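These protein sequence lines map, in sequence, to chains A and B. Residues 4 to 211 in the working numbering are what the first sequence spells out, letter by letter. Residues 57 to 192 in the working numbering are what the second sequence spells out, letter by letter. Glycine included, each C-beta is placed from N, C-alpha and C at the ideal position. This one's a predicted model, so the numbers in the text were calculated from it and none came from an experiment. The structure appears right after this line, and notes come after that.
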Amino acid sequence: MSSEIVTDPGDERVYHPAEEPHHPEGHSTPLGFWVYLMSDCLIFAILFATFAVLGDRFGGGPGPKDLFDLPLVALNTAMLLISSITFGFAMLAMHDGNQKGVLKWLGITACFGAAFLAIELYEFSHLIGEGAGPGRSAFLSAFFTLVGTHGLHVTVGLIWLTVMVIQIRQRGLSTANQRRLNCLSLFWHFLDVIWIGVFSFVYLMGMI
Amino acid sequence: MSNSTDHHDDHAAAQFPHGTKREYVTGFILAVILTVIPFGVVMSGGAGSFRITAIIILVCAVAQMIVHMVYFLHMSPKAENGWSLISLVFTLILLIIAVSGTIWVMYNMDANMMPSMEDEMPAMQGDMPMGQMSDS
Chain A
4 MSSEIVTDPG
14 DERVYHPAEE
24 PHHPEGHSTP
34 LGFWVYLMSD
44 CLIFAILFAT
54 FAVLGDRFGG
64 GPGPKDLFDL
74 PLVALNTAML
84 LISSITFGFA
94 MLAMHDGNQK
104 GVLKWLGITA
114 CFGAAFLAIE
124 LYEFSHLIGE
134 GAGPGRSAFL
144 SAFFTLVGTH
154 GLHVTVGLIW
164 LTVMVIQIRQ
174 RGLSTANQRR
184 LNCLSLFWHF
194 LDVIWIGVFS
204 FVYLMGMI
Chain B
57 MSNSTDHHDD
67 HAAAQFPHGT
77 KREYVTGFIL
87 AVILTVIPFG
97 VVMSGGAGSF
107 RITAIIILVC
117 AVAQMIVHMV
127 YFLHMSPKAE
137 NGWSLISLVF
147 TLILLIIAVS
157 GTIWVMYNMD
167 ANMMPSMEDE
177 MPAMQGDMPM
187 GQMSDS
């Protein structure tokens, strides 16, 4: 059947290569991971839109001005921002092939990330203790969903970071580990970008 | 042949764009400034009106997101032959449609379909209609 389609044997036009050319492993990882981050960005966009609609439905309960503690949020923001540049230093050490430096800076980054999570969990438990849990009003449901989803991402980032430290200890700065570290770096900085949206639109706008 | 694949492998390993120490430090300093400004304005009681304070927060947030994109995520039109930038623009379009569309639809639903408290309350208390009735 297929031989009948090629009418002229002299016609050597090739419409597609007979075999896919060899691609080195991981050659499409950067763009693929970026597309994943963009899809994650859309999840946060929907949660921000939900918060924008429900953020002023207090249901007779407490509002942002009664609940939020701005110095605590500023401290939280500082933790995440510092963890961003320490991760940058880990990446610079990686490009220098300095394994000890990478492990040191990843450890420092993990400490700041954990501090961020600890402050957030303290804030959540404080709110729930005050009776301002996610079930109190539509505003608090949207708040806990948005900020909680971000916190969940940071938790996953911390687990990933721990796994990477173990991987680098065992196998050094191999090409595969460098690729994974590059992905984690994108993920970590991306979470910082989302947090800018959270502190600007949820906390600061709510406190005006 | 092996030469070209070696070159390809090198290229693959270096495909992730990366920055320099100078870039990271510059980005960090800019990010700190753009964080301190909105927090400072809000914590000191706002910049006069709600609108001005909100604009300051909004401008600082957008500026800081761009700073993070450029200095930490190393976004540039050249990275990935521009595909990462195209996917970012595509995401931003979807994001704007989703967020502004949701707010617009829900605002209109509130305005047009919810029984308005301002209209109902006086009627129930009988202030306005009673006055009108006595007039007529």
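Chain A contacts from the segment 142-154 of chain B (Cβ-Cβ distance under 7 Å): From the segment 142-154 of chain B, only Ser143, Leu144, Thr147, Leu150, Leu151 and Ala154 have a Cβ closer than 7 Å to chain A.
Hey, would you say leucine 176 of chain A sits closer than 8 Å to glycine 62 of chain A, going by beta carbons? At a Cβ-Cβ threshold of 8 Å, leucine 176 of chain A and glycine 62 of chain A do not count as neighbours.
Residues of chain A with CB closer than 9 Å to the CB of leucine 86 of chain B, please, in chain order. Per Cβ cutoff of 9 Å: no residues; leucine 86 of chain B is ~11 Å from chain A at best.
Whole angstroms is fine: what's the gap from isoleucine 122 of chain A's alpha carbon to phenylalanine 115 of chain A's? Distance between the alpha carbons of isoleucine 122 of chain A and phenylalanine 115 of chain A: 11 Å.
Pick from A/Val56, A/Thr152, A/Phe142 and A/Val105 that is closest to alanine 167 of chain B, judged by C-alpha positions: Taking alanine 167 of chain B as reference, the option from A/Val56, A/Thr152, A/Phe142 and A/Val105 with the minimal CA-CA separation is A/Val56.
Compare the C-beta of tryptophan 160 of chain B with all C-beta atoms of chain A and state if any pair is closer than 8 Å. At a cut-off of 8 Å between C-beta atoms, tryptophan 160 of chain B does not count as an interface residue with respect to chain A.
When burial is assigned at 16 or more other CB atoms within 10 Å of the CB, is glycine 209 of chain A buried or exposed? Its Cβ being crowded by 16 or more others within 10 Å, glycine 209 of chain A is buried.
Interface flag, alanine 117 of chain B vs chain A, CB-CB below 8 Å: The Cβ of alanine 117 of chain B sits closer than 8 Å to at least one Cβ of chain A.
Residues of chain A with a CB under 7 Å from the CB of glycine 102 of chain B: which are they? The contacting residues are Ile211.
Beta carbon of phenylalanine 193 of chain A, beta carbon of leucine 129 of chain B: below 8 Å? Yes, the pair counts as a contact, with Cβ atoms nearer than the cut-off.
Using the beta-carbon count (16 or more within 10 Å), is valine 159 of chain A buried or exposed? Exposed: under 16 other Cβ atoms inside 10 Å.
Threonine 112 of chain A by DSSP, collapsed to three states: which one? Helix.
DSSP state of arginine 139 of chain A, grouped into three classes? Three-state DSSP puts arginine 139 of chain A in coil, outside helix and strand.
Could you work out which residues of chain D lie near alanine 167 of chain B, taking near to mean beta carbons separated by less than 8 Å? In the structure shown, chain D does not exist; the protein chains are A and B.
When A/Asp69, A/Met97 and A/Ile199 are compared against isoleucine 171 of chain A, the one with the closest alpha-carbon: Checked all of A/Asp69, A/Met97 and A/Ile199; the closest Cα to isoleucine 171 of chain A is A/Met97.
Nearest-angstrom Cα separation, counted from methionine 167 of chain A out to phenylalanine 202 of chain A: Rounded to whole angstroms, phenylalanine 202 of chain A to methionine 167 of chain A spans 29 Å at the Cα level.
Using CA atoms only, rank isn't needed, just tell me which of A/Asn185, A/Val157 and A/Asp69 is closest to methionine 82 of chain A. The shortest Cα separation from methionine 82 of chain A among A/Asn185, A/Val157 and A/Asp69 belongs to A/Val157.
At the level of alpha carbons, what is the spacing between glutamate 22 of chain A and serine 31 of chain A? Glutamate 22 of chain A and serine 31 of chain A have their alpha carbons spaced roughly 18 Å apart.
Would you say leucine 50 of chain A and leucine 130 of chain A are within 8 Å of each other, going by their C-beta atoms? Against a cut-off of 8 Å, the Cβ pair of leucine 130 of chain A and leucine 50 of chain A comes out as no contact.
What are the boundary residues of the alpha helix (DSSP H) that includes histidine 25 of chain A? In the DSSP annotation of this structure, histidine 25 of chain A is not part of any alpha helix (DSSP H), being labelled neither H nor E.
What residues in the segment 67-81 of chain A bring their beta carbon closer than 7 Å to a beta carbon of chain B? Hits within the stretch, in order: Leu73, Ala77 and Thr80.
8 Å contact criterion, which leucine 151 of chain B and alanine 48 of chain A should meet: CB distance rounded: At roughly 4 Å, the Cβ-Cβ gap stays under 8 Å, so leucine 151 of chain B and alanine 48 of chain A are in contact.
Do glutamine 71 of chain B and threonine 91 of chain B have their C-beta atoms within less than 8 Å of each other? Note that the C-beta distance between glutamine 71 of chain B and threonine 91 of chain B is not below 8 Å.
Minimum Cβ-Cβ distance from threonine 82 of chain B to chain A less than 8 Å: By this cut-off, threonine 82 of chain B is not an interface position.
Would you say tryptophan 108 of chain A lies against chain B (beta-carbon separation less than 8 Å)? In terms of beta-carbon proximity, tryptophan 108 of chain A stays away from the interface with chain B, with every pair separated by 8 Å or more.
Quick check: is the beta carbon of proline 94 of chain B nearer than 8 Å to any beta carbon in chain A? For proline 94 of chain B, the answer is yes, since a Cβ of chain A falls inside 8 Å of its Cβ.
Which of helix, strand or coil DSSP assigns to asparagine 101 of chain A: Asparagine 101 of chain A: coil per DSSP, three-state reduction.
Just tell me which of B/Val161, B/Ile159, B/Met162 and B/Ile122 has its CA closest to the CA of valine 145 of chain B. If you compare the alpha carbons of B/Val161, B/Ile159, B/Met162 and B/Ile122 with that of valine 145 of chain B, the shortest gap goes to B/Ile122.
Since phenylalanine 106 of chain B is in the alpha helix (DSSP H), which residue starts that stretch and which ends it? First-last of the alpha helix (DSSP H) with phenylalanine 106 of chain B: 106-123.
Beta carbons nearer than 8 Å to chain A: which residues of the segment 120-134 of chain B have them? Answer in chain order: Gln120, Met121, His124, Met125, Phe128 and Leu129.
Amino acids of chain B, ordered along the chain, whose beta-carbon sits closer than 8 Å to that of methionine 208 of chain A: Within 8 Å Cβ-Cβ: Ala110 and Ile113.
Can you confirm whether cysteine 44 of chain A, when its beta carbon is compared against all beta carbons of chain B, has any partner nearer than 8 Å? It does: the Cβ of cysteine 44 of chain A has a partner Cβ on chain B nearer than 8 Å.
On the DSSP letters alone, give me the boundaries of the alpha helix (DSSP H) that lysine 68 of chain A sits inside. Its alpha helix (DSSP H) spans residues 67-70.
Nearest-angstrom Cα distance between aspartate 69 of chain A and methionine 131 of chain B? Taking the straight line joining both Cα atoms gives about 39 Å.
Have a look at proline 137 of chain A and valine 196 of chain A and give me their C-alpha separation to the nearest angstrom. In this model, proline 137 of chain A and valine 196 of chain A are separated by some 25 Å (Cα to Cα).
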